[in-house]
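*Asks:* Plus 19 on top of the position in the first sequence (first one is 1) and you've got the working numbering.
The C-beta atom is built at its ideal place from N, Cα and C for all residues, glycine as well.
Mind having a look at this structure? Questions to follow.
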Amino acid sequence: MRMSSLLSQTLREAPSDAEIPSHSLLVRAGYIRQLAAGIFTVMPLAKRSLTKIEDIMREEINAIGGQEMAMPVIHPAEIWKKTGRWGKVGPEMGRFQDRNGRDMVLAMTHEETVVDVIKDEIQSYRQLPMLIYHIQTKWRDDPRPRAGLIRVREFTMKDSYSLDRDWEGLDRQYRAHYQTYFDIFNRCKLPVIAVESDVGMMGGNMAHEFMYLTPVGEDTLLLCDQCGYSANRQIADFQKQGSPPEEPLEREKVATPAAKTIADLTEYLDLPARKTSKVVFLMATMLEDGEDVEKLVFAIVRGDMDLNETKLANAIGAKQLRPAEENEIKAVGAVPGYASPIGLDQVMIVVDDLIPETQNLVAGANEEGYHFLNVNYGRDYQAEMVVDIAAAKDGDACPRCGEPLNAVRGIEVGNIFKLGTWYSEAADATFQNEQGKEEPVVMGSYGIGSGRLLASVVEEHHDDYGMILPITIAPYEVHLVSLEGKKSEAEEVRKFSEKLYRELREGGLEVLYDDRDESPGVKFNDADLIGCPVRLTVGSRSLEKGGVEVKLRHQKERNLIPVDEIVDSVREKVDQLYADINENLEEVELES
RNA sequence: CGGGGUGUAGCGCAGAGGGCAGCGCGCCGCGUUUGGGACGCGGAGGUCGACGGUUCAAGUCCGUCCACCCCGACCA
20 MRMSSLLSQT LREAPSDAEI PSHSLLVRAG YIRQLAAGIF TVMPLAKRSL TKIEDIMREE
80 INAIGGQEMA MPVIHPAEIW KKTGRWGKVG PEMGRFQDRN GRDMVLAMTH EETVVDVIKD
140 EIQSYRQLPM LIYHIQTKWR DDPRPRAGLI RVREFTMKDS YSLDRDWEGL DRQYRAHYQT
200 YFDIFNRCKL PVIAVESDVG MMGGNMAHEF MYLTPVGEDT LLLCDQCGYS ANRQIADFQK
260 QGSPPEEPLE REKVATPAAK TIADLTEYLD LPARKTSKVV FLMATMLEDG EDVEKLVFAI
320 VRGDMDLNET KLANAIGAKQ LRPAEENEIK AVGAVPGYAS PIGLDQVMIV VDDLIPETQN
380 LVAGANEEGY HFLNVNYGRD YQAEMVVDIA AAKDGDACPR CGEPLNAVRG IEVGNIFKLG
440 TWYSEAADAT FQNEQGKEEP VVMGSYGIGS GRLLASVVEE HHDDYGMILP ITIAPYEVHL
500 VSLEGKKSEA EEVRKFSEKL YRELREGGLE VLYDDRDESP GVKFNDADLI GCPVRLTVGS
560 RSLEKGGVEV KLRHQKERNL IPVDEIVDSV REKVDQLYAD INENLEEVEL ES
């Protein structure tokens, strides 16, 4: 490709709205342009990289038996009503009506179209197992897109769906994806870890997220260096440090003026936070008899802990949780700042499992300016549910080995879910077993977003001058810089560069050729910004020494290649760069 | 949805005591220069986010709305 005719222009200055390196560099290098919040145009350079990423995914998924297909972006609402997600998923689903007023859906994932198609196509156990996938556009109307390609509303995803007759089969395909996903990320030179995760709106009963660890990530993970435990904070367990048992003491009301927070309270009463209990008020949207109902929930954790809303939502089966408003809290007789479950009956009370084991806690008195001392669960109030709803944090004890957990941030670049039979049962996607009995197909679903992956690779591989892309996903393998220099020498250099450009391509290399009439500084800076792995420089200076200069983007060193060895030598370097990546894939083990 | 911020040329920004719409980069032309973002001369490019109001006169004052960014809520 000649840069003189490339659509993208590089920018000297960083776009003002970019806060993280990948966003800034991808825009500056001319890879992407923004159309609206969370909606980007993919320019030619990025398109080539994304195509390479997608080809890697294609190869890897094909290698574990995947069949590529293409499912529609626009779905009739019926298939989403059938699985219940038309009602279950909120405003992040794109909906519109066609000309006849029929409800339509913009695909945010494709379980619905999968079960719709397999309910007719899969009839016999003889057709299973099967793995189907596509690479296709999704729309998720995220309330807050941000960080360039990291969190967008429209994106391309490789999503595969495994179909099996039983859970053993699903487990095999799940494990195959687990390994394959590491291979895909390794081929893109992106370091990732797999963590246990919440199943969220996808349903199912086992899920892993593939996380690229970086401070710009939005997910918090808890990792144990000692035993390898790793989980998204949303579901992370930890060993709670209980207090020594005490004899329950008599409840006592004390004045605690202007002590509305745990911090105020502990200071005023001179008690540690773990001697208090904390109430979090939430409005939970629950599905009852097909209708959405909002219920006020009092979630109670020990004062030194935080509520984990995901754990709570999963425990009570809530579709959504939002903070309750003051009037909603007062309506049941509670007093914000001094609230407790004592004496309330119109509220759903959920307590963390540590609370019943802890005696003589401080709790609100539901009266402005007063708290109770020595509140004991069971004696003073009862809960609808006692379950783990506390959030793990940095330094908490690992649930497996007890060593302190580390909290780190990460970007979710891929996920795998064991869906089970939930979707197939909803859509009646069944097959006949050997006994001629109908059974639901056992499903798994597996996704990787290609744009987020590209952005993550840029986060990992860049310097002050630009991107440093691994050869497997760089738009071009070779960046050929022609420095024509003085008028007297320009003709000779140009001729040489043109010939070299042709020969490199004939040698099977992908070349970005800077044939523009620009100064050397501009060309070098653009080459660094765009980030192709091998740079060749042709100039009168190099030709006088009998060759061209070669420099790898990730190294400082420059070398001269003699004129008659250029193509072979570059070929060799390029092959080596591929080999460094592709021959170092590791085997991973998924613990059961 | 709550809090904060920003909308002026392709990009980055000034102009804010109402009175001819500017600078740098980029872009076009000519010439000089030529191994790490060169220089000179000449040029093109704007419904100042939108609508409404105040005024002889609005980029500037007032109102409403919209878009984008950041934090939170939320989310894969």
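For a test of the three-state rule: what should DSSP assign to Q253, helix, strand or coil?
*Replies:* coil
*Asks:* Do you know how far the Cα of N251 is from the Cα of D311?
*Replies:* 28 Å
*Asks:* Measuring CA to CA, which of K157, E38, L30, A56 is closest to E93?
*Replies:* With the sequence shown as reference, residue 93 is identified as Ile, and Glu is not the correct amino acid for it. The shortest C-alpha separation from I93 is found at K157.
*Asks:* Would V381 and K294 be called neighbours here (beta carbons separated by less than 8 Å)?
*Replies:* The criterion of a C-beta distance shorter than 8 Å is satisfied by V381 and K294.
*Asks:* According to DSSP, simplified to helix, strand and coil, what is G247?
*Replies:* coil
*Asks:* Provide the residue span of the beta strand (DSSP E) that contains M302, from first to last.
*Replies:* 296-307
*Asks:* Enumerate, from N- to C-terminal direction, the unbroken alpha helix (DSSP H) stretches of 4 or more residues contained entirely within the stretch 415-463.
*Replies:* Segments of the alpha helix (DSSP H) lying fully in the stretch 415-463: 441-445.
*Asks:* Residue range of the alpha helix (DSSP H) that L64 falls in?
*Replies:* 63-82
*Asks:* Which residues bound the beta strand (DSSP E) around Y495?
*Replies:* Counting along the chain, Y495 falls outside any beta strand (DSSP E), and DSSP gives it neither H nor E.
*Asks:* Give a yes or no on contact between the stretch 176-195 and the stretch 565-585, applying the rule of three or more CB pairs nearer than 8 Å.
*Replies:* no
*Asks:* Over what stretch of residues does the alpha helix (DSSP H) that includes D599 continue unbroken?
*Replies:* 585-601
*Asks:* Looking at the unbroken alpha helix (DSSP H) that takes in V369, where does it start and where does it end?
*Replies:* Looking at the DSSP string, V369 is not in any alpha helix (DSSP H); the run it does join, the beta strand (DSSP E), is 367-371.
*Asks:* Please identify the residue among C207, E271, E228 whose C-alpha is closest to the C-alpha of V394.
*Replies:* The shortest Cα separation from V394 among C207, E271, E228 belongs to E271.
*Asks:* The beta strand (DSSP E) with E97 in it runs from where to where?
*Replies:* Per DSSP, E97 belongs to no beta strand (DSSP E); it is in the alpha helix (DSSP H), 96-102.
*Asks:* Cα separation between R184 and L69?
*Replies:* 34 Å
*Asks:* Give me, in chain order, the residues of the same chain whose beta-carbon lies closer than 8 Å to that of A56; leave out the 5 immediate sequence neighbours on both sides.
*Replies:* P164, R172
*Asks:* CB-CB under 7 Å to I75, same chain, minus the five flanking residues each way: which ones, in chain order?
*Replies:* I203, R206, C207, T491
*Asks:* Under the rule that 16 or more other beta-carbon atoms within 10 Å means buried, what is P489, buried or exposed?
*Replies:* buried
*Asks:* Which of the three DSSP states, helix, strand or coil, is assigned to Q28?
*Replies:* Coil, per DSSP.
*Asks:* Q142 and Q451 look like a contact to me (Cβ under 8 Å); what is the Cβ gap, rounded to whole Å?
*Replies:* 6 Å
*Asks:* Need the endpoints of the beta strand (DSSP E) that E173 sits in, please.
*Replies:* That run of the beta strand (DSSP E) goes 173-183.
*Asks:* Does DSSP put G85 in a helix, a strand or coil?
*Replies:* strand
*Asks:* Are the CB atoms of V497 and C417 within a distance shorter than 8 Å?
*Replies:* Cβ distance not < 8 Å, so C417 and V497 don't count as in contact.
*Asks:* Go ahead and pull the three-state DSSP assignment for R604.
*Replies:* Correcting the residue identity first, residue 604 is Leu in this sequence and not Arg. If DSSP states are grouped into helix, strand and coil, L604 belongs with coil.
*Asks:* Over the uninterrupted alpha helix (DSSP H) stretch that includes E510, give me the two end residues.
*Replies:* In the DSSP assignment, E510 falls within the alpha helix (DSSP H) that extends over 506-525.
*Asks:* Is the separation between the beta-carbon of D371 and that of A409 shorter than 8 Å?
*Replies:* yes
*Asks:* Is the CB-CB distance between Y180 and V124 below 8 Å?
*Replies:* No.
*Asks:* What residue from D36, Y144, L326, A195 has the CA that sits closest to A166's CA?
*Replies:* D36
*Asks:* Leaving out five residues on either side along the sequence, give the residues of the same chain with a beta carbon under 6 Å from the beta carbon of E529.
*Replies:* Y495, E496
*Asks:* When DSSP builds the beta bridges, which residues end up paired with W158?
*Replies:* E173
*Asks:* Can you look up Q374 in the DSSP assignment and give me helix, strand or coil?
*Replies:* It should be pointed out that residue 374 corresponds to Ile in this sequence rather than to Gln. The answer is helix: DSSP assigns I374 an H, G or I state.
*Asks:* Determine which residues share a DSSP beta bridge with H196 and list them.
*Replies:* H196 is not bridged to any residue.
*Asks:* Return the residue from the list A358, G388, A384, V316 that minimises the CA-CA distance to Q365.
*Replies:* V316
*Asks:* From G120 to G113, what does the alpha carbon distance come to, in whole angstroms?
*Replies:* 15 Å
*Asks:* Can you tell me whether E359 is buried or exposed, with buried defined as 16 or more other CB within 10 angstroms of its CB?
*Replies:* Note that residue 359 is Ser in the sequence shown, not Glu. With 16 or more other Cβ atoms within 10 Å, it is buried.
*Asks:* Would F59 pass as a contact of L168 if the rule is Cβ separation under 8 Å?
*Replies:* yes
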